[in-house]
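*Asks:* Just so you know, we're using my numbering here: the sequence shown kicks off at -14 and counts up by one. The structure's right below; bear with me while I get my questions together.
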Amino acid sequence: MIKRVFISVFCIVITASASSTEEERPKIGLVLGGGGALGFAHIGVLKELEEQQIPIDYIGGTSMGAIVAGMYASGMSPDEIEKQFTSLNWWDVLKDGSQMQYMVYRRKQDYKRYLGLEVGFNHLKFLFPPGMSYGQKLNNVLENFSLNSAGITDFDDLNIPYRAVATDLLKGESVVLKSGSLARAMRASMAVPGVFTPVRMDGCVYVDGGILDNIPVDVVRNMGADYIIAVDVGASAAELSQQSDFQSLGSVLGRTYTLMKRPEQERQLESSDLVIEPDLVEFSAGAFQMVAEIIPVGLEAAKKKAKQLETLSVSEADFQTYLKKQRRVRKTEIEIKSIQVAGNKTVPDARIRYRIQSTEGPIDLNTVYDDVSRIYGMELFQTVSYELKPNGEGYDLTYDAIDKFWGPAYLHFGMKLETSSETSLLWAMLLDYTHTQLNAYGGEIRFEIEGGGLVRGVGAEWYQPLSRGGRFFIAPAIELSDDLINIYSDNNIVAEVDQDSIIGRLDAGISAFEYGEVRIGIQGGHVWDSGNSGIIALPEVDDTVVGITTQVRLNQLNDPYFPTKGYEVAFNGFFTREELGSDQTFSRIDFGATAPLTFGRHTFTPTFSAGSSLGTDLPFYATFHLGGMDNFAGYAPYQLFGNYYGLVSLGYRYRMMRLPPTYGDGVFAILRMDVGNVWQDSDDISVKNTNIGALAGLGADTIIGRIIVGIGKAEEVSDPHVYLSIGNTF
């Protein structure tokens, strides 16, 4: 009996002592400031805090600080956060836009022809997107990061109570986000004006919280923290801006921005108990690709505060208890009870649901991510995200598709500039007007105007799906063109042909959505060829042309200019008949295919294409043409033409460096070997009767399209061609 009493008293004393220790320990709040890519240093700070066995009771942040804080609050370890960030392709995330593999085929064609700028043109008014990036891919990343918080709408219920700070443009004030979707809160806090589009929710328009409260010490203090650790990743940049000579616009604007923001930041820092300032003077806020180099800087800065931090350490047992809470996994399996579509106003639900492959039952995240990419690939939405909402023992999976407010009518612009040492300057400008959502089935009409040195034309097409799913369609179109074509003999220009045409077309087809399409149709029109000048006389052509067309297109390349994987296959057929009203009977078919292979920085691109007149004699306006930088290097455009052709190319590309994500992708060394020829008669076709050409140069994938500088040489041409190509391909 006495023994039992003794044990009971001992347990009460120990429990009271432990409770007393817990009550005496100050509640620690961690504040992570904004700073773009500089915020990766927060991960290093978290590593050192855990090494020192310091538990965090409350956490909050702004911009990138809000993202790192949210990931930690949802249950990720510092090492897991580091792994997630270092494994990201930041060039892809910040480039935004749809992934080419998931983009509907019509939009893939647009992506290659037009610059990235899209302008709304509705009711005779221009509407501009509110940022360079819609933040779609960043949304996807944040949703993946915060999956452990699925179903949580009160941020106090996260593994660590959490707050994010954003700025409400409507009210002009700082807003503390403490409930709702964790991913959306993080995205709102980092909606940098002009870079990412604002986040609209709950009647507010949110942009980057750093505009008004970049280091929200007061917010975390109000959560109940007794001791505040603040991490200021912008201190070194502020100091550097003060030392500038202010002889450049960038230095003046940078210092002005610092003077506007810094006083409030310093006021917040003064109210904290410990400030950690990583020395990030060698890095810029846009250096997202340098995450692996920035994280250790934060770790080193925290280590310098080891003496102050050690007073906050707890015992091994207490810290393990803390980690058990912080690393808590809430659900190992998520059961989907229903699938919903929300947010869309102009696009019918049925068209969106046609792109969804997720089903009720255990969630398949890969399928969910593919669904989001397929919906976004329709190119009709500003952003597409998903959210899991509790529904009994399971969840409702909701796809939130926000319409582009600057639609449904758009202007696109294209630019092409190509010159060589032996030919005149080739240039062209392209203006496109596309009006989408003409009806519930997604009909759209397009008008194009192309003007340039050698090619001029206008065209219109009405693309009309025949069902809500959009699988079958019809597409009437008309094109008018005026082309100037140089005629060569022995590598010299001997004449110039002025080719005018007006062509009408009616196609019916099957859409394979992101994979491609198949068309069959009837085409009719008129072509006029006349020799403008030259040392040889050319016959005049005044032909009515009527025939049947066929097209098969498959495209799963991941980039229109510098692909690293995927494939593209194309087949075209045109068959005219006098019985249909054509002045001449002829047939032409052509086929092309490419499939790049990538190993690290090395990409090999084999390409094959061929064309045949099927034994008929093609008029000049229907002959196959070879020549130009992309179509048999060493020859001028249209230099080779005939009834048959074959061309095999093997390209090699080495990525020399990466551009900052906001400027493009990479800079490449380029080599290509071309083997092929054109023939007038099928009896002339042979491997022996082929020519060889080669191209060597440098290329860059930029925000204005591709840029290539190269030199091409063909064995049958005495002088090499020096090429400069800037812009799109059309």
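Quick reminder that beta carbons are idealized off the backbone N, C-alpha and C, glycines included. Just so we're clear, the structure is a prediction, and the values are computed from it rather than from any experiment.
#1: By a C-beta neighbour count over all protein chains shown, 10 Å radius and 16 as the cutoff for buried, is Leu582 buried or exposed?
#2: Of all the beta strand (DSSP E) runs that stay within the bounds of the segment 639 to 697, which reach a length of 3 or more residues?
#3: Just curious, the beta strand (DSSP E) that Gly596 is in, first and last residue?
#4: Comparing alpha-carbon positions, which option in Asp198, Ser166, Ile196, Gly179 lies nearest Asp187?
#5: Whole angstroms are fine: how far does the CA of Ala168 sit from the CA of Gly19?
#6: How far does the alpha helix (DSSP H) with Ile137 in it extend, from its first residue to its last?
#7: Just to confirm my understanding: we take Ala335, look at its own chain, exclude 5 residues before and 5 after, and list those with CB closer than 6 Å. What are they?
#8: Grouping DSSP H, G and I as helix and E and B as strand, with all else coil, what is Leu542?
#9: For a quick check, are the C-beta atoms of Val276 and Asn125 less than 9 Å apart?
#10: What did DSSP end up calling Phe231 once you bin it into helix, strand or coil?
#11: My guess is that Gln69 and Phe130 are in contact by the Cβ rule of under 8 Å, so how many angstroms apart are they, rounded?
#12: For Leu599, which residues in the same chain have their Cβ closer than 8 Å to its Cβ, ignoring the five residues on either side in sequence?
#13: Can you list, in chain order, the residues of its chain whose CB lies under 7 Å from that of Gly538, leaving out five sequence neighbours each side?
#14: Do Tyr552 and Ala595 have their beta-carbon atoms positioned less than 9 Å apart in this structure?
#15: Taking Ala699 as the reference, which of Ala621, Phe547, Leu73 has the closest Cα?
#16: Out of Ile41, Glu403, Gly437, Gly24, which one is the CA nearest neighbour of Gly209?
#17: Once DSSP output is grouped into helix, strand and coil, what is the label at Trp412?
#18: Whole angstroms is fine: what's the gap from Leu73's alpha carbon to Gly179's?
#19: Might you give, ordered along the chain, the residues of its own chain that have their beta carbon closer than 6 Å to the beta carbon of Ser515, omitting 5 neighbours on each side?
#20: Who pairs with Ile430 in a beta bridge, going by DSSP?
#21: Could you tell me which of Leu308, Val326, Ala460, Glu278 sits nearest to Gly60, measuring between CA atoms?
#22: What is the rounded straight-line gap between the Cα of Pro201 and the Cα of Met414?
#23: Quick check on the DSSP output: what are the complete beta strand (DSSP E) runs of length 3 or more inside the segment -4 to 79, in order along the chain?
#24: The beta strand (DSSP E) with Arg573 in it runs from where to where?
#25: Does DSSP classify Ser343 as helix, strand or coil?
#26: In whole angstroms, what is the alpha-carbon distance linking Trp513 and Asp528?
#27: Report yes or no: do three or more beta-carbon pairs, one from the segment 105 to 117 and one from the segment 389 to 400, lie closer than 8 Å?
#28: In terms of alpha-carbon separation, which member of Leu297, Leu565, Met400 lies closest to Lys97?
#29: Counting Cβ pairs closer than 8 Å, one from the segment 632 to 652 and one from the segment 672 to 689, do we hit at least three?
#30: Please state the DSSP three-state secondary structure of Glu318.
#31: If you draw a straight line from the C-alpha of Val177 to the C-alpha of Ser370, how long is it?
#32: By the 10 Å Cβ neighbour count, where 16 or more other Cβ atoms means buried, how is Met642 classified, buried or exposed?
#33: For Thr590, which of Leu162, Met658, Pro263, Phe432 has the nearest alpha-carbon?
#34: Please report the straight-line C-alpha distance between Lys389 and Phe366, rounded to a whole angstrom.
#35: Compare the Cα-Cα distances from Lys122 to each of Asp492, Trp76, Pro114, Thr714 and report the closest residue.
#36: So, are the CB atoms of Val672 and Gly619 less than 9 Å apart?
*Replies:* Once the coordinates are examined:
#1: Exposed.
#2: Listed in chain order, they are 649 to 664, 676 to 687.
#3: It spans 587 to 597 - the beta strand (DSSP E) in which Gly596 sits, taken as one unbroken run.
#4: Residue nearest to Asp187 within the set Asp198, Ser166, Ile196, Gly179 is Ser166 (criterion: CA-CA distance).
#5: Cα to Cα, Gly19 sits roughly 17 Å from Ala168.
#6: It is not in any alpha helix (DSSP H) - Ile137 carries neither H nor E in the DSSP assignment.
#7: Non-local C-beta neighbours of Ala335 in its own chain, meaning closer than 6 Å and more than five positions away in sequence, comprise Arg453, ordered along the chain.
#8: DSSP places Leu542 outside both helix and strand once states are collapsed to three, so it counts as coil.
#9: Note that the C-beta distance between Val276 and Asn125 is not below 9 Å.
#10: Because Phe231 sits at a pLDDT of 48, beneath the cut-off of 50, its placement in the model cannot be relied upon, and the following sentence gives the value as read from the coordinates. Correct three-state label for Phe231: coil.
#11: Correct: roughly 6 Å between the Cβ atoms.
#12: Only Ser572, Arg573, Ile574 meet the Cβ criterion.
#13: Residue identity check: residue 538 is Arg in the sequence provided, not Gly. Cβ within range, chain order: Tyr90, Gly501, Glu502, Ala555.
#14: No, the Cβ-Cβ distance between Ala595 and Tyr552 is not below 9 Å.
#15: Comparing Cα positions, the closest option is Ala621.
#16: Of Ile41, Glu403, Gly437, Gly24, the residue nearest in Cα terms is Ile41.
#17: Under the three-state reduction of DSSP output, Trp412 falls in the strand class.
#18: Going by the C-alpha atoms only, they are around 23 Å apart.
#19: Excluding sequence positions up to five before and after Ser515, its CB lies within less than 6 Å of the CB of Asp483, Glu525, all in the same chain and listed in chain order.
#20: DSSP output for Ile430 lists His420, Trp447 as bridge partner(s).
#21: Closest in C-alpha terms to Gly60, from the list Leu308, Val326, Ala460, Glu278, comes Leu308.
#22: Rounded to the nearest angstrom, the two C-alpha atoms are 49 Å apart.
#23: Listed in chain order, the beta strand (DSSP E) elements of length 3 or more contained wholly in the segment -4 to 79 are 13 to 17, 43 to 47.
#24: In the DSSP assignment, Arg573 falls within the unbroken beta strand (DSSP E) covering 572 to 579.
#25: The three-state secondary structure of Ser343, taken from DSSP, is coil.
#26: When rounded, the distance between both Cα atoms is 7 Å.
#27: In short, these stretches touch, since the Cβ pair count reaches three.
#28: Ranking Leu297, Leu565, Met400 by Cα distance to Lys97 puts Met400 first.
#29: Counting Cβ pairs under 8 Å, three or more are found: they touch.
#30: Glu318 carries a coil assignment under DSSP once its states are collapsed to helix, strand and coil.
#31: Our two residues, Val177 and Ser370, have alpha carbons roughly 19 Å apart in a direct line.
#32: Flag for Met642 reads exposed.
#33: With distances taken between Cα atoms, Thr590 lies closest to Met658.
#34: Straight-line measurement puts the Cα of Phe366 at about 5 Å from the Cα of Lys389.
#35: Here the closest residue by C-alpha is Trp76.
#36: No.
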